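Written below as structure tokens is the structure these notes are about.
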Amino acid sequence: MMKMKDKPDYTLLTIVILLLIVGIVMVFSSSYIWAEYKYSDTFYFLKRQLLFAGAGVIAMLFAMLTPYNTWGKYAKIVLLVCFFLLLIVLIPGIGMTRGGAQSWIGVGAFSIQPSEFMKLGMIIFLSAYLASNQKYITSLKKGFFPSLMLVFTAFGLIMLQPDLGTGMVLVLTSMVMIFVAGARISHFIGLAVFGVVGFAYLIISAPYRISRITAFLNPWEDPLGDGFQIIQSLYAIGPGGLMGVGLGGSLQKYFYLPEPQTDFIYAILAEELGFIGGTVVIVLFGLLFWRGIKIALEAPDLFGRFLALGIVSMLTIQVMINVSVVIGLIPVTGITLPFLSYGGSSLTLTLCSVGVLLNISRYTKV
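Just so we're on the same page, the working numbering is the position in the sequence shown counted from 1, plus 339.
The structure is reproduced here in structure tokens:
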């Protein structure tokens with residue numbers, strides 16, 4: 340029987356609280372102009388984000404107090420529920436469409452995004468599966484292929500919405516877990532070839548994705564169309580300089596950068612707080628990664644190690660993709676920045692995931 344310590348990892352908890360505070364401040368700073376224009380309420384997004392944060396903190400505390408091996412016992416049920424949600428969001432009249440993606444299910448005045456639930460659900464299931472079947476992971480038929488089929492089934496349902504950004508995080512996180520479990524390099528090489536072909540097909544099959552690639556390569560070719568968002572993001576980051584223009588002083592949030600409180604909130608942060616502010620946030624995410632990996636290495640069993648690894652990988656990959664998009668390193672994918680971007684499902688599930696990580700830290704060896 341696992342022996343639990345009295346205290347979770349307070350360093351990790353402090354990092355998360357700091358990021359959450361920065362996020363709440365930046366959501367208000369980046370959104371009050373748009374909120375006043377669209378809803379005649381300067382505090383519209385702030386009030387909702389505070390509500391989401393409150394729900395997320397409650398979920399985090401619940402997960403922190405729930406023994407993490409409980410999730411392993413119900414891993415199959417959790418995954419089935421996630422698949423069910425991914426299916427019903429595709430039903431007309433149930434799924435809500437925003438920004439061209441049918442990714443939300445409406446619940447009263449609020450909505451949930453099933454793909455966010457799937458990210459955590461897949462991590463929980465894969466952790467249980469890999470912990471019980473690690474000896475088979477080197478076998479293509481018995482270990483690698485079954486894991487792969489499950490992940491790509493979920494990816495396919497997410498792409499029907501479509502939501503490439505979330506799908507990428509799901510697949511990359513799962514691949515990290517499977518690789519660490521001991522899968523053969525040769526299997527990954529074969530998967531890479533298949534992935535390149537599949538990714539090329541996804542791009543060719545949707546004209547808007549081709550436009551995003553073109554806009555990424557030369558956004559100034561279509562500055563008022565597909566290149567508009569990344570150009571405005573760079574226009575925000577550039578004037579920020581070393582110290583920034585000051586909190587609340589952003590010009591790009593005045594209807595230049597579309598809905599700056601969501602995917603491109605890091606651009607507004609860099610504009611207002613400068614290189615120093617942007618670097619501090621990246622350092623905080625780096626510290627979160629370090630604490631998460633430390634917890635994974637010190638977890639008392641395989642399930643705990645895979646679960647901690649999956650959660651910290653998911654958060655790190657999402658941060659890398661979001662920041663890379665904002666600074667123009669990769670094409671626009673549409674994905675939130677953990678703890679900072681406005682959004683209910685994303686923030687709540689992220690904090691819940693951290694709660695699971697904190698609970699694992701209560702069982703670590705040292």
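Even glycine gets a Cβ: it sits at the ideal position worked out from N, Cα and C. These numbers were taken from a predicted model, which means no experiment stands behind them.
Where do the N-terminal and C-terminal ends of the beta strand (DSSP E) with residue i fall, by residue?
{"i": "serine 450", "result": "449-451"}
{"i": "arginine 437", "result": "434-437"}
For residue i, which residues of its own chain have a beta-carbon under 7 Å away from its beta-carbon, when the five flanking residues on both sides are left out?
{"i": "isoleucine 632", "result": "Val651"}
Taking the alpha-carbon positions, what's the residue i to residue j distance?
{"i": "leucine 357", "j": "valine 420", "result": "32 Å"}
{"i": "isoleucine 528", "j": "alanine 522", "result": "11 Å"}
{"i": "leucine 679", "j": "tyrosine 413", "result": "30 Å"}
{"i": "asparagine 472", "j": "proline 485", "result": "11 Å"}
{"i": "glycine 393", "j": "histidine 526", "result": "43 Å"}
{"i": "glutamate 637", "j": "glutamine 657", "result": "24 Å"}
{"i": "tyrosine 376", "j": "proline 501", "result": "29 Å"}
{"i": "threonine 405", "j": "serine 700", "result": "12 Å"}
{"i": "leucine 351", "j": "glutamine 600", "result": "25 Å"}
{"i": "proline 607", "j": "valine 361", "result": "Reading off the sequence shown, one finds isoleucine at residue 607, where the question assumed proline. Isoleucine 607 and valine 361: Cα-Cα distance of roughly 12 Å."}
{"i": "glycine 649", "j": "threonine 703", "result": "16 Å"}
{"i": "alanine 374", "j": "threonine 381", "result": "5 Å"}
{"i": "leucine 586", "j": "leucine 612", "result": "6 Å"}
{"i": "methionine 457", "j": "phenylalanine 422", "result": "7 Å"}
{"i": "leucine 469", "j": "leucine 429", "result": "30 Å"}
Take residue i and list the residues in its own chain whose beta-carbon comes closer than 6 Å to its own, dropping the five residues that flank it on each side.
{"i": "leucine 688", "result": "Glu455, Leu459"}
{"i": "glycine 395", "result": "Leu686, Thr687, Leu690"}
Between which two residues does the alpha helix (DSSP H) holding residue i run?
{"i": "glycine 649", "result": "641-665"}
{"i": "glycine 583", "result": "Element bounds for glycine 583: n/a, residue is neither H nor E."}
{"i": "glutamate 375", "result": "349-378"}
{"i": "tryptophan 559", "result": "Here tryptophan 559 belongs to no alpha helix (DSSP H), and DSSP marks it neither H nor E."}
{"i": "phenylalanine 624", "result": "604-637"}
{"i": "threonine 687", "result": "683-700"}
{"i": "arginine 523", "result": "Counting along the chain, arginine 523 falls outside any alpha helix (DSSP H), and DSSP gives it neither H nor E."}
Buried or exposed: where does residue i fall if 16 or more other Cβ atoms within 10 Å of its Cβ makes it buried?
{"i": "aspartate 602", "result": "buried"}
{"i": "tryptophan 720", "result": "Nothing can be reported for residue 720: it is not among the residues displayed for the chain, which extend from 340 to 705."}
{"i": "serine 663", "result": "exposed"}
{"i": "isoleucine 524", "result": "exposed"}
{"i": "valine 366", "result": "buried"}
{"i": "leucine 654", "result": "buried"}
{"i": "isoleucine 634", "result": "buried"}
{"i": "threonine 618", "result": "exposed"}
{"i": "proline 453", "result": "buried"}
So, are the CB atoms of residue i and residue j less than 7 Å apart?
{"i": "methionine 403", "j": "glycine 694", "result": "yes"}
{"i": "glycine 673", "j": "glycine 504", "result": "yes"}
{"i": "tyrosine 681", "j": "glutamine 388", "result": "yes"}
{"i": "isoleucine 570", "j": "proline 558", "result": "yes"}
What does a CB cutoff of less than 8 Å around residue i pick up in its chain, not counting 5 residues either side in sequence?
{"i": "isoleucine 354", "result": "Leu623, Leu626, Leu627, Arg630"}
{"i": "tyrosine 407", "result": "Phe642, Gly643, Leu646, Val695, Asn698, Ile699, Tyr702"}
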